[in-house]
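Chains as they are written, first to last, in my numbering: chain A, 242 to 597; chain B, 417 to 671.
The beta carbon of each residue, even a glycine, is placed where N, CA and C say it ideally should be.
What follows is a single structure, written as structure tokens, with notes after it.
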């Protein structure tokens with residue numbers, strides 16, 4: 242007791258809290274609260290058509306934060322000097338302060354070093370919220386950041402809202418049968434959001450912000466023997482207005498038929514997990530919980546029975562038409578029109594009609 | 417080498433159904449070894465030699481022993497079940513912490529850790545990265561191929577827009593995203609062999625974990641509320657016995 246000298250009673254007050262403050266003071270002045278505020282977004286970059294660009298989902302997240310929170314929006318971008326040409330764009334979309342972790346070696350993506358850099362900035366600015374886009378890289382980095390900061394992370398949120406500083410994160414659980422709203426007991430509260438979940442905000446050309454440079458601390462990088470860029474030429478199914486989607490119930494030949502129809506009516510072809518597992522379609526065309534969420538005007542499901550996981554991915558479609566031979570296919574609960582018939586034959590007929 | 421394989425038992429998602437209120441019917445749904453974990457085990461099998469050992473680990477209720485048994489049948493040498501009432505309700509952080517305690521206490525002499533990319537039920541893909549950070553080791557996500565020669569191992573990662581080949585440093589975590597559909601299935605002799613092996617069960621105290629480090633109490637995220645969404649779609653059923661009428665109908669619907 243004798244070393245307590247913070248109050249005039251000279252230690253007789255009986256305080257034993259570790260801050261050495263008089264009893265009740267923390268509560269009285271609300272001092273035992275975290276000072277976390279501001280929102281942090283990882284601005285992911287990618288080389289698209291041989292040019293370094295900001296990934297769309299990062300901008301969507303900035304837009305969403307501007308809508309739900311009054312706090313400042315801070316960005317972190319990792320890379321070398323060439324990132325500088327992206328500054329104007331980033332500020333135009335609503336970032337107030339941008340931390341640029343500048344390092345030659347970090348022009349290449351390294352999950353460990355990137356996570357360290359994001360956590361380092363987070364420790365410095367003490368944000369209330371950290372949002373990361375649910376891309377393949379974001380989904381790899383985010384949990385590592387969460388582990389460094391010893392905080393919670395909610396993956397693939399479909400809706401975010403704020404109650405003061407508290408972030409409420411909504412995501413489908415158990416394949417979309419239950420929508421759960423999740424909160425995090427620590428600051429910073431972390432979430433990832435899949436691309437295309439929120440709309441792109443309008444840029445304010447000429448908007449200014451501050452850039453802060455940070456040194457990367459991590460020198461221990463992976464030994465990458467080779468890296469080969471794949472051009473993603475296929476149309477992005479999450480942006481398509483009409484989707485022709487194929488499932489287990491179709492023959493392999495019908496894929497080519499569907500592609501022909503799609504080209505004529507301006508649609509894209511997607512599929513269910515079954516076809517990816519068979520190796521008939523690439524993974525980036527897969528709709529559903531382990532694939533992509535889509536929101537087309539019309540979604541036409543051929544031979545898709547509609548597993549819970551698949552249905553979770555098409556909830557935002559405006560109109561759903563299903564073609565199936567099984568009158569009890571679960572996709573019936575979700576669709577507007579259910580055509581009881583043979584998917585292969587109907588596809589072939591559609592192809593014929595469009596050719597004539 | 418000693419390979420640790422972190423696995424998860426999941427409900428067979430192809431068999432899940434919903435009742436009229438949109439709630440999951442869980443009773444009667446069989447539990448299986450998560451498919452991605454099977455891919456991971458298959459990948460180890462392809463590079464292992466006779467001196468190597470595979471240790472399968474899972475956190476879960478007692479019934480998760482079945483998934484471990486399946487691993488033993490498919491080539492694992494040892495199996496550990498981390499099971500305790502206090503582990504219930506763990507989020508990815510608490511799960512990773514429990515697995516970290518296991519690695520540090522029981523198997524600190526591992527060479528590599530293998531995981532499935534994500535669990536078919538939760539789909540978050542967070543545990544591998546959190547675990548590797550807690551163990552302070554590098555992580556390799558989206559691994560589709562692995563090779564081993566005298567100089568060491570290399571992995572092939574598929575990021576969707578980039579294919580990356582990396583040297584695997586000693587003590588890495590490998591998260592497997594794709595496997596061979598025509599992989600080896602357990603034979604009768606492997607099945608009988610597996611039944612002889614013992615599955616060791618460890619609880620919270622034997623892992624040296626405090627009550628606030630695990631399960632619901634050790635979790636950083638909490639579900640505030642949940643509801644089952646009701647579909648707004650009203651479904652019209654159309655007869656499609658004649659393909660051309662149906663095709664016409666669809667094409668008209670698009671315009």
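For chain A, is any of its Cβ atoms less than 8 Å away from the one on residue 664(B)?
yes
Is residue 584(A) closer than 8 Å to residue 450(A) when the C-beta atoms are compared?
no
Does residue 555(B) come within less than 8 Å of chain A when only Cβ atoms are used?
Residue 555(B) counts as touching chain A.
Exposure label - residue 601(B); buried when at least 16 CB within 10 Å:
exposed
Just to check my reading of the structure: residue 428(B) and residue 445(B) have Cβ atoms closer than 8 Å, yes? What is that Cβ distance to the nearest angstrom?
A Cβ-Cβ distance of about 6 Å is found for the pair residue 428(B) and residue 445(B), placing them in contact under the 8 Å criterion.
Are the region 419-439 of chain A and the region 455-471 of chain A touching by the rule of at least three beta carbon pairs closer than 8 Å?
In short, these stretches do not touch, since the Cβ pair count stays below three.
Would you list, in chain order, the members of the region 632-643 of chain B that have their beta-carbon closer than 9 Å to a beta-carbon of chain A?
635, 636, 637, 638, 639, 640, 641, 642 and 643
Kindly list the residues whose CB is nearer than 6 Å to the CB of residue 555(B), restricted to its own chain and excluding five residues on each side of it in sequence; keep chain order.
545, 548 and 589
Roughly how many angstroms lie between the CA atoms of residue 263(A) and residue 368(A), to the nearest whole one?
29 Å
Rounded to whole angstroms, what's the CA-CA distance from residue 246(A) to residue 364(A)? Just pull it up for me.
Any reading at residue 246(A) needs caution, since the residue's pLDDT is 47, under 50, leaving its predicted position unreliable; the model's value is listed next. Taking the straight line joining both Cα atoms gives about 31 Å.
Which chain A residues sit within Cβ distance under 8 Å of residue 550(B)?
388
Mind checking whether residue 372(A) and residue 384(A) have CB atoms under 8 Å apart?
no
Chain A contacts from the region 570-590 of chain B (Cβ-Cβ distance under 8 Å)
570, 575, 576, 577, 578, 579, 580, 581, 582, 583 and 585
Does residue 614(B) come out as helix, strand or coil in the three-state DSSP assignment?
coil
Who are the near neighbours of residue 610(B) in its chain, counting only those whose CB is closer than 7 Å to its CB and skipping five residues on each side?
485, 488 and 489
Count the CB pairs spanning the region 489-503 of chain A and the region 511-524 of chain A that are closer than 8 Å, and state whether there are at least three.
Because the criterion of three Cβ pairs below 8 Å is met, the region 489-503 of chain A and the region 511-524 of chain A touch.
Do residue 538(A) and residue 505(A) have their C-beta atoms within less than 8 Å of each other?
no
Does the count of Cβ pairs from the region 634-644 of chain B and the region 520-532 of chain B closer than 8 Å reach three?
no
Buried/exposed call for residue 586(B), threshold 16 Cβ in 10 Å:
Exposed.
Return the CA-CA distance between residue 403(A) and residue 501(B), expressed in angstroms with no decimal places.
34 Å
Buried or exposed, going by whether 16 or more other CB atoms sit within 10 Å of the CB of residue 545(A)?
buried
Can we say the region 548-556 of chain A touches the region 570-583 of chain A, given the rule of at least three CB pairs closer than 8 Å?
They touch, by the three-pair rule.
Got a sec, what are the start and stop residues for the alpha helix (DSSP H) residue 484(B) sits in?
If you look at residue 484(B), you'll find it in the alpha helix (DSSP H) that goes 481-489.
Here's the rule: buried if 16 or more other CB atoms are within 10 angstroms of the residue's CB, otherwise exposed. What is residue 322(A)?
exposed
Give me, in chain order, the residues of the same chain whose beta-carbon lies closer than 6 Å to that of residue 319(A); leave out the 5 immediate sequence neighbours on both sides.
342, 347, 355 and 358
Any C-beta of chain B under 8 Å from that of residue 400(A)
So no, residue 400(A) is outside the interface.
From what residue to what residue does the alpha helix (DSSP H) around residue 307(A) run?
297-309
May I have the straight-line CA-CA distance separating residue 425(B) from residue 484(A), to the nearest angstrom?
34 Å
Run of the alpha helix (DSSP H) containing residue 281(A), from where it starts to where it stops:
Element bounds for residue 281(A): not the alpha helix (DSSP H) but the beta strand (DSSP E), 280-283.
So, with DSSP's three-state summary, where would you put residue 493(A)?
In the structure shown, residue 493(A) adopts coil according to DSSP, grouped into three states.
If we cut at 8 Å on Cβ distances, does residue 629(B) have a partner in chain A?
no
Mind listing, in chain order, the continuous alpha helix (DSSP H) runs of no fewer than 4 residues lying wholly within the region 539-614 of chain B?
Within the region 539-614 of chain B, the complete alpha helix (DSSP H) segments at least 4 residues long are 543-550 and 604-612, listed from N- to C-terminus.
Using the Cβ count rule (16 or more neighbours within 10 Å means buried), how would you classify residue 299(A)?
buried
Among residues of its own chain, excluding the 5 on either side of residue 509(A), which ones have a beta-carbon nearer than 7 Å to its beta-carbon?
476, 478, 481, 484 and 503
For residue 377(A) and chain B, any beta-carbon pair shorter than 8 Å?
yes
Where residue 653(B) and residue 564(A) are concerned, what is the direct C-alpha to C-alpha distance, given to the nearest angstrom?
Our two residues, residue 653(B) and residue 564(A), have alpha carbons roughly 10 Å apart in a direct line.
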